Amino acid sequence: MFFKKIGKQTQEPRRIIIGDVHGSFQTLLRLLNRVAPDSEDEVYFLGDLIDRGQQSLEVVDFVIKNNYQCLLGNHEYMLLKALAGKEVSEKWFNGWIESGGAATLLSYNNNIPAEHINWFQSLPAYLDLGDIWLVHAGVQPEYPLEQQTNEQFCWIRNEFHAMTQPYFKDKLIITGHTLTFTFPDVKPGQLARGSGWLDIETGVYHPQSGWLTALDWTNQ
């Protein structure tokens, strides 16, 4: 569990950004108890609420009931592809199951309700909040946003992190998806920074880390 404050604190509502939860409901509750968001604060999840951990259903239900905002992550993307029926090959289903989807199906007792499916389908790929831009994985550096797909926003890794110039001149991109300690000189529990981006995926599910991060981007 990790709570990071960046920016000058004011009396204005806070923007609280939470990394990949991956079915770790009890850890999420402990984190939110520490962060203590009130009704005026804005809470954003960067996607990957599900898979790997044992309580994906509880996490999703909690986020929906609290009307928190959430992005589409690659694990929600895989779930939707896997449940799309005959239009998709077994490769997507098997890939999802092997990537933690089995734990999600178990938490739902193999019966994901239509309400949750519809909610997954409604998730945006990114959110523009003015001085910060939220996305699960990143952007393709060489292309304008309108030429990029949800799959790229959910999955991109190397090309995005290799950027030598910020994608936006006036916005910081905040992501999850890639474990921060896989970057050079970044220790477990630390955030990773690059050219115009900040990664807060500290690996709540990973035995080498075990941290879930909330970033308090307070109005400055």
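Just so we're aligned: the sequence shown equals residues 7 to 226 in the working numbering. For every residue, glycine included, the Cβ atom is placed at its ideal position computed from N, Cα and C. This structure is a prediction, so every number in the text was calculated from the model and none was measured.
For the beta strand (DSSP E) assignment, the uninterrupted runs of no fewer than 3 residues enclosed by the segment 66-150 are, from N- to C-terminal side, 132-134 and 138-141. Sequence-distant partners of Tyr173 (beyond 5 residues in either direction) whose C-beta falls short of 7 Å from its own C-beta, in its chain, are Val145, Pro147, Ile179 and Gly202. The Cβ atoms of Gly29 and Gly59 sit closer than 8 Å to each other.
Short of 7 Å from the beta carbon of Glu165, and not among the five residues preceding or following it, lie these beta carbons of its own chain, in chain order: Gln146 and Pro147. Ala198 and Glu152 have their C-alpha atoms spaced approximately 27 Å apart. It is roughly 18 Å from the alpha-carbon of Leu55 to the alpha-carbon of Val41. Given a length threshold of 4 residues, each whole run of the alpha helix (DSSP H) inside the segment 9-48 is given here in chain order: 31-41. Taking the CA atoms as reference points, Gln196 sits about 12 Å from Ala220. For Trp223, the uninterrupted beta strand (DSSP E) segment begins and ends at Thr219 to Trp223. Counting only the Cα atoms, Asn100 lies some 30 Å from Tyr74. Nearest Cα to Pro43 within the set Ser62, Asp26, Glu64 and Arg21: Arg21.
For Phe189, the three-state secondary structure derived from DSSP is coil. For Arg199, the enclosing beta strand (DSSP E) starts and ends at Ala198 to Gly200. A straight line joining the alpha-carbon of Leu63 with that of Tyr114 spans about 6 Å.
Shown here for Pro190: not one same chain residue has a beta carbon closer than 6 Å to its own, the five before and five after excluded.
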